[in-house]
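Chemist:
In structure tokens form, the structure reads like this:
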């Protein structure tokens, strides 16, 4: 993280000598294992102050069916079954390396302020994924739960409202389309993602997508729309349905609740439609014949 921030500060110093607009893309390795941080950052998070997540499990029931067994590197970061101590240490290291990275980002922002260009610069801060860190008995990113698939996204810029928050769903790749629009560069036809600045500027109250789609190999599929999330495990023949407004920690599976049967079928239909749109050839017909029948 320090090497990357050194490069960024040097680039900003060079760019500040020119009135031409500049673009800088920074890809920190952190937070990632091996989670090596200076001891002073680890000491900021004593184990006694770290909580085990409310949805902690010693072992996730379907881990072997979704590709999250002991064979997966990310999942080997803690013992099986999970222990509260192992999860606390994992989270301690996670918090420490994030804080160390934040310190480097502070250096970059300070360099931008010193350059005189901060007030005329858009900044997009995000990540490629989250990590489970003990939630649901998982440790890595290879799952469809929000703790792993919902990335942070912070936007600042000249015309970005301050201290506002929206829960409208976007895709990570939308940042590319948004950057092109800000630079007045036409978006290529092959780019299927969209500029979200109208949402950021609070001029658009709806998202650019009817639903958000997720997939992991041939082991997991997900659709999120209208406040609900449907997760499908083809190898296990299991579906999970969550009301994300009432149950953000995804602890109450509504999939077998008769009161939510219609919602489940509707989301399954939208998932199939998105599979076609995404050229996803994985067939769910044999695994979930009851849902197929409900569509007819």
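Numbering (our numbering), first residue to last: 3 to 298.
For each residue, glycine too, the CB sits at the ideal point set by N, CA and C.
Since this is a predicted model, take the numbers as computed values, not measurements.
(1) Under 8 Å by Cβ, that's how I've got residue 126 and residue 137 pegged, so tell me the actual separation to the nearest angstrom.
(2) Below 8 Å, can you find three or more Cβ-Cβ pairs linking the stretch 228 to 241 to the stretch 188 to 195?
(3) Rounded to a whole number of angstroms, what is the C-alpha to C-alpha distance between residue 245 and residue 43?
(4) For a quick check, are the C-beta atoms of residue 225 and residue 214 less than 9 Å apart?
(5) What beta strand (DSSP E) runs, 3 residues minimum, are completely inside the stretch 210 to 243?
(6) On the CB-based measure, 16 or more other CB atoms within 10 Å of its CB, does residue 185 come out buried or exposed?
(7) According to DSSP, is residue 127 helix, strand or coil?
(8) Check whether the Cβ atoms of residue 157 and residue 124 sit closer than 9 Å, and answer yes or no.
(9) Taking only three categories from DSSP, how would you classify residue 92?
(10) Please state if the CB of residue 133 and the CB of residue 143 are separated by a distance shorter than 9 Å.
(11) Return the chain-ordered list of same chain residues with a C-beta closer than 6 Å to the C-beta of residue 10, the five sequence neighbours on each side being excluded.
(12) Considering only the alpha carbon of each residue, which of 45, 12, 91 lies closest to residue 36?
(13) Judging by CA-CA distance, which residue of 153, 290, 176 is the nearest neighbour of residue 238?
(14) Following the continuous alpha helix (DSSP H) through residue 170, name the residue where it begins and the one where it ends.
Modeler: Judging by the given coordinates:
(1) Taking the first residue of the chain shown as position 1, residue 126 is located at position 124. Taking the first residue of the chain shown as position 1, residue 137 is located at position 135. Not confirmed; about 26 Å, so no contact.
(2) no
(3) Here residue 245 refers to the residue found at position 243 when the chain shown is read from its first residue. Here residue 43 refers to the residue found at position 41 when the chain shown is read from its first residue. So the alpha carbons of these two residues sit roughly 37 Å apart.
(4) Looking up residue 225 in the chain shown gives position 223. Looking up residue 214 in the chain shown gives position 212. Closer than 9 Å, so yes.
(5) 214 to 218, 222 to 227, 230 to 235
(6) Along the chain shown, one-based indexing puts residue 185 at 183. Exposed, since its Cβ has fewer than 16 Cβ neighbours within 10 Å.
(7) Counted from its first residue, the chain shown places residue 127 at position 125. Strand, per DSSP.
(8) To locate residue 157, count along the chain shown from 1; it is residue 155. To locate residue 124, count along the chain shown from 1; it is residue 122. For residue 157 and residue 124, yes; Cβs fall inside 9 Å.
(9) Here residue 92 refers to the residue found at position 90 when the chain shown is read from its first residue. Helix, per DSSP.
(10) Walking along the chain shown from the start, residue 143 turns up at place 141. Walking along the chain shown from the start, residue 133 turns up at place 131. Yes; because the gap between Cβ atoms is below 9 Å, this pair is in contact.
(11) If you number the chain shown from 1, residue 10 lands on position 8. Contacts found: 28, 110.
(12) Here the question's residue 36 lines up with position 34 in the chain shown. Looking at the Cα atoms, 91 is the closest of the given residues.
(13) Taking the chain shown and counting its residues from 1, the one referred to as residue 238 is at position 236. Considering only alpha carbons, the answer is 290.
(14) Here residue 170 corresponds to residue number 168 of the chain shown, with the count starting at 1. Note, residue 170: premise wrong, no alpha helix (DSSP H); not H, not E.
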